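Trainee: Just so we're on the same page, this note's numbering is the position in the sequence shown counted from 1, plus 123.
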Amino acid sequence: MGKSRAEIQKAYREILKEKNKEDYLKRERERKRRNYVSSHQLSERDREERNRRNRANLREFYARKRAERAHQDSSQTSGYESREIEEDTGLETSDERQTRNGGNKTDRGRLLVRLDFNEINRGRQKAALKRWKRDRSAAVSRVRILEQERDKLKTKLKSTQRALQRVRKSTESTKHVPSVELTPSKQTERDMEAANLTAEQKEKLRRPILLSNVLVSEIRASKKNTPRDKRAAIYNIVAGRIAKKYRTINYLSMKTGLQRNQLGRVNSKVHQIGIKKRLSKLEKNREQVINFMKREDNSRTQPGKSDAKKTATGCKQQVHILTDYLKNLYLKFKAEHPSNDISFATFCRSRPSYIYKTAMLSRVSCLCFKHQNASLLVKALRKHIEIVANPEKVVETKISEDMLREKLPVEVSVSQWTRVETEDKGRKRTVTRIVENIVPRDKFIHDTTTQLGDFKEHVQRVLIQYEQIKLLKQTLPEHHFIVQLVLQKTTPVVLTKKCRVPISISQPLHCTLWLHIGRMLMVNCCIKVL
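Structure representation (structure tokens):
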């Protein structure tokens, strides 16, 4: 089978090596020396691999040397040397000596002993090499220790030089500072003399330099006469973004005596001086006031998922709406806690952000069309007449028709919730939307009077409902609960699975179900037409 191309090339290289072996070895040594990478530049893994190969090569080299030395030490004579020596010296051979003695005794031949003095020299070489290695290792260790000491001394020298430089700098800066504080005028003259200014230059620069020295003296006096806890205004006035931009904070601190760190922290010129609050009593009673406001009889919790407010600590709290004004709640709190001498202002400050004040109280639980349309009507009236925003307060005050005719324009724009027919994908349906209408003034006055009268009666019915619910809560037996429902004009009431009782009424119901759980389910429905 013929050779492959790689085998042919390999054989060709071997022939070239045999022809020019010395040149090849020389080029190979130069190539290795040129491409050699020092150990400190290699990675730990590559360095260990190189050391492993070097140890293997050394073991192979020493084994080959020992084999060559053993081959040289072994005697490989043919036996003719002793015969030639005997002939030259005239001595008898062993056969002749045996025949002469009659064959009784055997005379031994001459013993040749070879003394190898190379072993002694080799031992001396090993001892010398060992001493040289030991001395070299000690020298390397000594050099390493001296280098470490040198680095430490360099660091210490630099630290000492820097300390000396700081001392010289402070000495030079205090050299021109007099023992007695100079006035701004004298300080100005000293500064101009130190700058070697001409008379014309002094005349031009005297006022600006004097102004800067006067301002520095004023700041020093303000700092000296102001308590430490009230110096924030001085820092806000003196420092700011401009001083940071031109890098004068350090020099400003040295001239005015103000702290450099506080000057560097100033970012705004705004400084509000407020009244110091009595935080101790506020923090002491805050939890008690919040629990009082969260109580069911004092506030109502909004049920919506979006009715949550994030506090300053980052946690979410459900929104509560107070059921009465803060003044009335304060009187109720004082009646329940007579020993607590909290003031009305502290009581109001204790209210957290997620507890809202009372506004349109009935709408917290009643969101019917009457309340919504009354709010929209009051919103339209407020554009022309000064009235309160709460529609329940509006119905308590008398609004004369003469005033409406005088204040209202000829045509009035008003929005109301109205059921509108829409068409979606070919299907007609009725939806409830806010529709804005423009009506004449007389018709608007008539509709407003009628709507506000109906709304007043509705508010009274809602208040009666709240009173009845409160009464039920007070007389509710243990292990009972109340369910409040809103029924439309025609609502089937399901008492059991098989029986349905339709109730037809002229107006929506705000009903209360009193459920008693025992051996049998009894439903007591307290229905009031509102």
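Cβ coordinates follow ideal geometry from the N, Cα and C atoms, glycine included. Keep in mind the model is a prediction, meaning the values are calculated, not measured.
Between which two residues does the alpha helix (DSSP H) carrying Asn451 extend?
Mentor: Asn451 -> alpha helix (DSSP H) spans Leu449 to Glu459.
Trainee: State the start and end residues of the unbroken alpha helix (DSSP H) segment that holds Val533.
Mentor: Taken as a continuous stretch (DSSP letters only), Val533 belongs to no alpha helix (DSSP H), as it is neither H nor E.
Trainee: In the DSSP assignment, what are the bridge partners of Tyr479?
Mentor: Beta-bridge pairing links Tyr479 to Ile444.
Trainee: Please name the residue, chosen from Leu148, Ser162, Asn421 and Phe184, that lies closest to Leu454 on a Cα-to-Cα basis.
Mentor: Ranking the options by Cα distance to Leu454, first place goes to Asn421.
Trainee: Let's test the definition: count the other Cβ atoms within 10 Å of the Cβ of Thr613 and tell me whether it reaches 16, buried, or not, exposed.
Mentor: Interpretation of Thr613 is limited by its pLDDT of 46, a score under 50 that renders its predicted location unreliable; the figure taken from the coordinates is listed afterwards. With fewer than 16 Cβ atoms within 10 Å of its Cβ, Thr613 is classed as exposed.
Trainee: Alpha carbon to alpha carbon, what distance is there between Arg259 and Gln271?
Mentor: Taking the straight line joining both Cα atoms gives about 19 Å.
Trainee: Assuming contact is defined by CB atoms lying nearer than 8 Å, are Glu524 and Ile568 in contact in what I supplied?
Mentor: For Glu524 and Ile568, yes; Cβs fall inside 8 Å.
Trainee: State the start and end residues of the unbroken alpha helix (DSSP H) segment that holds Ala344.
Mentor: Run containing Ala344: Ala322 to Asn348, per the alpha helix (DSSP H) assignment.
Trainee: Alpha carbon to alpha carbon, how far is Val290 from Leu280? Give it in angstroms, no decimals.
Mentor: Going from the Cα of Leu280 to the Cα of Val290 covers about 15 Å.
Trainee: Compute the Euclidean distance between the alpha carbons of Ser376 and Ser293, then round it to the nearest angstrom.
Mentor: Rounded to the nearest angstrom, the two C-alpha atoms are 15 Å apart.
Trainee: Go ahead and pull the three-state DSSP assignment for Thr555.
Mentor: It is a strand residue.
Trainee: Quick check on His163: buried or exposed, where buried means 16 or more other Cβ atoms within 10 Å of its Cβ?
Mentor: Answer is exposed; the Cβ neighbour count stays below 16.
Trainee: Which term fits Asn384, buried or exposed, when burial requires 16 or more other beta carbons within 10 angstroms of its beta carbon?
Mentor: Per the 10 Å Cβ criterion, exposed.
Trainee: Taking 8 Å as the cut-off, does the region 535-543 touch the region 489-505 (at least 3 CB pairs, one atom from each stretch)?
Mentor: Cβ pair count under 8 Å is three or more, so yes.
Trainee: Report the rounded CA-to-CA distance for Glu130 versus Lys140, giving the unit in angstroms.
Mentor: Spanning the two alpha carbons is a distance of roughly 15 Å.
Trainee: Pick from Leu338, Val337 and Met315: whose alpha carbon is nearest that of Lys327?
Mentor: It is Met315 whose Cα lies nearest to the Cα of Lys327.
Trainee: Could you give the distance in angstroms between the alpha-carbon of Ala512 and the alpha-carbon of Arg505?
Mentor: Each residue's Cα considered, the two are about 8 Å apart.
Trainee: Can you check DSSP and say which residues form a bridge with Lys432?
Mentor: In the DSSP output, where bridge partners are listed per residue, Lys432 has Gln440.
Trainee: With distances taken between CB atoms, is the gap from Asn359 to Val339 smaller than 8 Å?
Mentor: Contact: no.
Trainee: Residue ranges of each alpha helix (DSSP H) run of no fewer than 4 residues wholly in the region 242-306, ordered along the chain?
Mentor: DSSP runs (the alpha helix (DSSP H)) wholly in the region 242-306: none.
Trainee: Using a Cβ-Cβ distance under 8 Å, would Leu252 count as near chain C?
Mentor: Absent from the structure is chain C; it holds one protein chain and no more.
Trainee: What are the boundary residues of the beta strand (DSSP E) that Ser422 is part of?
Mentor: Ser422 to Thr424 is the span of the beta strand (DSSP E), which, as asked, contains Ser422.
Trainee: Could you give the residue range of the alpha helix (DSSP H) that holds Ile508?
Mentor: Taken as a continuous stretch (DSSP letters only), Ile508 belongs to no alpha helix (DSSP H), as it is neither H nor E.
Trainee: Can you tell me which of Val236, Ser476 and Arg343 puts its alpha carbon nearest to the alpha carbon of Thr306?
Mentor: Nearest C-alpha to Thr306: Arg343.
Trainee: Compute the Euclidean distance between the alpha carbons of Met526 and His507, then round it to the nearest angstrom.
Mentor: Roughly 11 Å between the two C-alpha positions.
Trainee: What's the call for Ile365, buried or exposed, on a 16-neighbour Cβ count within 10 Å?
Mentor: So Ile365 counts as exposed.
Trainee: Using CA atoms only, rank isn't needed, just tell me which of Ser476, Gly246 and Val518 is closest to Phe578.
Mentor: Nearest option by C-alpha distance: Val518.
Trainee: Please identify the residue among Gln248, Ile465, Val361 and Leu599 whose C-alpha is closest to the C-alpha of Lys346.
Mentor: For the residues Gln248, Ile465, Val361 and Leu599, the minimum Cα distance to Lys346 belongs to Val361.
Trainee: How long is the line joining the alpha carbons of Thr446 and Gln425, rounded to whole angstroms?
Mentor: Their backbone Cα atoms lie some 12 Å apart in a straight line.
Trainee: Who pairs with Val562 in a beta bridge, going by DSSP?
Mentor: Answer by DSSP bridge pairing, in chain order: Val535.
Trainee: At what residues does the alpha helix (DSSP H) containing Thr469 begin and finish?
Mentor: Note, Thr469: alpha helix (DSSP H), Phe467 to Arg472.
Trainee: Would you kindly work out how many angstroms separate the C-alpha atoms of Tyr374 and Ala435, rounded to a whole number?
Mentor: Using only the alpha carbons, I get a separation of about 40 Å.
Trainee: Where does Asp547 fall in DSSP's three states?
Mentor: The answer is strand: DSSP assigns Asp547 an E or B state.
Trainee: For Arg542, list the residues DSSP reports as bridge partners.
Mentor: Its beta-bridge partners are Thr555.
Trainee: Identify which residue in Glu509, Asp565, Glu515 and Thr545 has its Cα closest to the Cα of Pro532.
Mentor: The shortest C-alpha separation from Pro532 is found at Asp565.
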